[in-house]
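Structure first, commentary second.
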Amino acid sequence: MTDQQNTEAAEAQGPQFSLQRIYVRDLSFEAPKSPAIFRQEWSPSVALDLNTRQKSLEGDFHEVVLTLSVTVKNGEEVAFIAEVQQAGIFLIQGLDEASMSHTLGAFCPNILFPYARETLDSLVTRGSFPALMLAPVNFDALYAQELQRMQQEGSSTVQ
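To convert, note that position 102 of the sequence shown is 102 in full-length UniProt numbering; the numbers rise steadily by one, no gaps.
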């Protein structure tokens, strides 16, 4: 088969999506006030920062990285800071630009989030802190908000 025949055959099959690998790209944990923090009454406040990025690899392969950064304070003192970069390699073919953008910006992070959440929880408990089970995240809503923000910025710069 020629390259053109392969391309035509792939298009005839329709869109293709396949998860190739899930892995931890980076991991960090810091408890700057230990061991004194363990002797205090525990009334934590949790700040979560969430970020995604994607990169095209060779062919139709894409890497998506979901970063969860958590800062937990006990009163005014930082009890711990934990961060995980959960990544995945996805094979994606046959999508138009808008569908590809949505897949990389919302669908893939939805797949990665449970892994990142479990890794973060395990990291925190290994630091001898109470379990940190983050609530589910609606990546479709976050993606829609980001698109709306970008459209507003685009329209405000045109004026």
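Beta carbons: idealized from backbone N, C-alpha and C, even for Gly.
Euclidean distance between Cα positions of residue i and residue j
i, j, result
"Gln148", "Leu19", "28 Å"
"Asp60", "Glu97", "13 Å"
"Leu66", "Ala87", "6 Å"
"Ala135", "Thr52", "17 Å"
"Ala82", "Pro15", "37 Å"
"residue 165", "Val64", "Since the first residue shown for the chain is 1 and the last is 159, residue 165 is missing from the structure and cannot be characterised."
"Tyr23", "Phe90", "12 Å"
"Phe17", "Val70", "31 Å"
"Leu95", "Gly105", "14 Å"
"Glu76", "Pro32", "13 Å"
"Asp26", "Gln151", "32 Å"
Sheet register partners of residue i (DSSP bridge)
i, result
"Phe113", "Paired residues: none, contrary to the question."
"His62", "Ser56, Phe90"
"Lys73", "Ser45, Val78"
Local Cβ density within 10 Å of residue i, reported as buried at 16 or more and exposed below that
i, result
"Gln54", "buried"
"Ala36", "exposed"
"Ser112", "According to the sequence displayed, residue 112 carries Leu and not Ser. Result: buried."
7 Å CB neighbourhood of residue i in its chain, flanking five on each side removed
i, result
"Asp121", "Ala131, Leu132, Met133"
"Ala116", "Leu66, Leu68, Val84, Gln86"
"Cys108", "Val64, Gly88, Phe90"
"His102", "Tyr143"
Own chain partners of residue i with C-beta closer than 6 Å, once the 5 adjacent residues on each side are dropped
i, result
"Ser56", "His62"
"Val72", "Pro44, Val46, Ala79, Phe80"
Same chain, Cβ closer than 8 Å to residue i, neighbours up to 5 away in sequence not counted
i, result
"Leu48", "Leu68, Ser69, Val70, Leu134"
What alpha helix (DSSP H) runs, 4 residues minimum, are completely inside the segment 101 to 155? Qualifying alpha helix (DSSP H) stretches, in chain order: 108 to 126.
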